[in-house]
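Since the structure comes first, as structure tokens, the remarks are kept for the end.
There are 2 protein chains.
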Amino acid sequence: MEHGVADLERDRSRLGRSSTAERVADILRERISEGFFEPGQRLSEEAISDALGVSRNTLREAFRLLGHERLLDHRLNRGVFVRILSAEDVADLYRVRRVIEGAAVRRNPTPQALGLIKEAVADAERAAARDDWRAVGTANIRFHQALVTLNESPRLDEAMRQLLAELRLVFHVMKNPRDFHEPFVERNRRLLELLESGRADEAAAFLDGYLDDAERLLVHAYEPNA
Amino acid sequence: MEHGVADLERDRSRLGRSSTAERVADILRERISEGFFEPGQRLSEEAISDALGVSRNTLREAFRLLGHERLLDHRLNRGVFVRILSAEDVADLYRVRRVIEGAAVRRNPTPQALGLIKEAVADAERAAARDDWRAVGTANIRFHQALVTLNESPRLDEAMRQLLAELRLVFHVMKNPRDFHEPFVERNRRLLELLESGRADEAAAFLDGYLDDAERLLVHAYEPNA
DNA sequence: AACATAAGAATCGTTGAACAATTCGACAAG
DNA sequence: CTTGTCGAATTGTTCAACGATTCTTATGTT
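Just so you know, the protein sequences line up as chains H and F, in that order.
Take 1 as the starting number for the first sequence in the UniProt record's numbering and just add one per residue.
Take 1 as the starting number for the second sequence in the UniProt record's numbering and just add one per residue.
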């Protein structure tokens, strides 16, 4: 009666997290990242605190949290709005990705991280095979999140998590997710191979081209609408 | 009557910045980073809200902000504490520095960034000449902050700012700031020269050694106390 | 004496109401 | 068409209250 216990430790992080404000933040974060709240939309304190059955004070604490994650834009005396990313924001996000992911692929890959990456690649391929491009998208995010774990830095993992959440604000502009995700399924596989064979420099160069293309595709689909 | 207006836009950022909660956060952030509040110390909601003349709710909003910056540790139902960095935290912070600063020195330096770096180096040298090691410390921080601007990424600048604020939590354990800062005044100058002459790879290698030594020194002074 | 336990104090978490401050739109005046 | 003014709506902040949780201290048992 001891081997099942170790697994529980992974859930321990969920225990500490219980204040109402944090749970409210979780709900809102999810709603934002799934596009339920659209960028630019104002989130009324009264309406939402009412709908969720929490006080305005508690809701405001949640707003602060999300503001710090850059998902909400807090304008004094005017309220909070779902963040609208500018083209410069997207460019900056990709600049950061080049730095963080670039450093990751240059490191000696640990078996653990490679495992995560491999899983994500396989998931994306399976999802692509059944034409589920939404699932390809989430698998792709998992892929890049896994890449970053190569750095073995909790803070970089966290930074990447936030960065991807921010990027999700603009992913919704893609009307046709297939065009955006399809080319990268194969490239993920290729990048994985480069990592496995220890060709770090090639992997880094490959990743740079990868990110350039991804950014271009994203900005192209994004600019016209803004 | 149109050319004077454009210049005003730069000051627009100053307008949004003011809410009691944010100003309170500014005050507390400063107090923490100057060591007035010691790591591990509990910050009582009642005492502080009383002392600053703000309500508990407003203070709690400020606490959330600082918690997100990792300066405060928020434990449910127990209050907020000034963060205590573990040795692993320090190691992780330096891991992130290697990634962010390493990427910075590999880039083609802009004259603007070089100017900031040069200033910081000169300030450190002047302060060292007059034995003001506290000033050397702040100039050194400015040096590394300036390094990061080479990335030309607002988000990386912000990440660095937070990272350095976090590191300041442990800088205070240095009883003799001279031992810690003195060796790096010269190395800052050397790194600047490498950047100016465009020898990016050498600069990167030099920086790695630099950070290794700095981390070692810091951990050495830190570990025994913990 | 050591240790478990239970009552009590202190503090946090959250709420709801209240009022001041600010924004924004509409409408009037120049 | 710009500028001033009024008022409704919303946010910013405070305050008082109460339940929930943690910490402290006193109590009683082995």
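Ideal Cβ placement from N, Cα and C applies to all residues, glycine included.
- Message: For F/L52 and H/F171, what's the separation of their Cα atoms in angstroms?
- Response: 43 Å
- Task: Please name the residue or residues paired with F/F81 in a DSSP beta bridge.
- Result: F/R42, F/D73
- Neighbour-count burial assignment, residue 289 of chain H, 16 or more Cβ in a 10 Å radius: This structure leaves residue 289 of chain H out entirely; chain H is present only between 1 and 226.
- Task: Give the interface partners of H/D92 over in chain F, defined as CB-CB distance under 7 Å, in chain order.
- Result: S153, P154, R155
- Contact list for the region 51 to 63 of chain H against chain F, Cβ threshold 7 Å: N57, R60, E61
- Can you tell me the Cα-Cα spacing of H/R10 and H/A47, whole angstroms? Low confidence applies to H/R10: its pLDDT is 45, below 50, so where it sits in the model is not reliable enough to give any reading.
- Query: So, does the CB of F/S18 fall closer than 8 Å to a CB anywhere in chain H?
  - Reply: A Cβ of chain H is located within less than 8 Å of the beta carbon of F/S18.
- Task: Starting from the C-beta of H/D7, find all residues in its chain whose C-beta is less than 8 Å away, skip the five residues before and the five after it, and write them out in chain order.
- Result: Here H/D7 scores only 42 on pLDDT, less than 50, and its place in the model should not be relied on; the value that follows carries that caveat. Taken in chain order, the list of residues that qualify is empty.
- CB contact flag (H/A104, H/L150, <8 Å): It is a contact, given that the beta carbons lie within the stated cut-off.
- Query: Comparing the C-beta of F/I117 with each C-beta of chain H, is any distance below 8 Å?
  - Reply: F/I117 is outside the set of residues whose beta carbon lies under 8 Å from a beta carbon in chain H.
- Task: Could you tell me if the beta carbon of F/L211 falls within a distance shorter than 7 Å of some heavy atom in the ligand ZN?
- Result: Looking for the ligand ZN in the displayed structure turns up nothing, as the structure carries no ligands at all.
- Query: Under a Cβ-count criterion, where at least 16 other Cβ atoms within 10 Å of its own Cβ denotes burial, should H/S153 be classed as buried or exposed?
  - Reply: buried
- Are F/S19 and H/L72 touching if we call contact CB-CB under 8 Å? no
- Query: For F/L159 and chain H, any beta-carbon pair shorter than 8 Å?
  - Reply: The question names Leu, but residue 159 of chain F is Ala in the sequence shown. F/A159 counts as touching chain H.
- To which residues of the same chain is H/A139 closer than 7 Å at the C-beta, ignoring the five residues directly before and after it? A120, D123, A124, A127
- Item | chain H contact for F/H144 (CB, 8 Å cutoff) | Closer than 8 Å: no.
- Would you identify the three-state DSSP class for F/D35, choosing helix, strand or coil? It is worth fixing the name first, because residue 35 of chain F is Gly in this sequence and not Asp. The answer is coil: DSSP assigns F/G35 none of H, G, I, E or B.
- Task: Could you tell me whether the Cβ atoms of residue 231 of chain H and F/R64 are closer together than 8 Å?
- Result: In the structure as shown, chain H starts at 1 and stops at 226, and residue 231 of chain H therefore has no counterpart that could be examined.
- Compute the beta-carbon to beta-carbon distance between F/A21 and F/L66, rounded to the nearest angstrom, for a pair I have assumed lies under 8 Å. With 8 Å as the limit, F/A21 and F/L66 do not qualify as a contact, their Cβ atoms being about 11 Å apart.
- Message: Check whether chain F comes within 8 Å of H/V99, counting only Cβ atoms and requiring the distance to be less than that.
- Response: yes
- Whole-angstrom Cβ separation of H/I100 and H/V148, contact assumed at under 8 Å? Between H/I100 and H/V148, the beta carbon gap of about 6 Å places them in contact (Cβ cut-off 8 Å).
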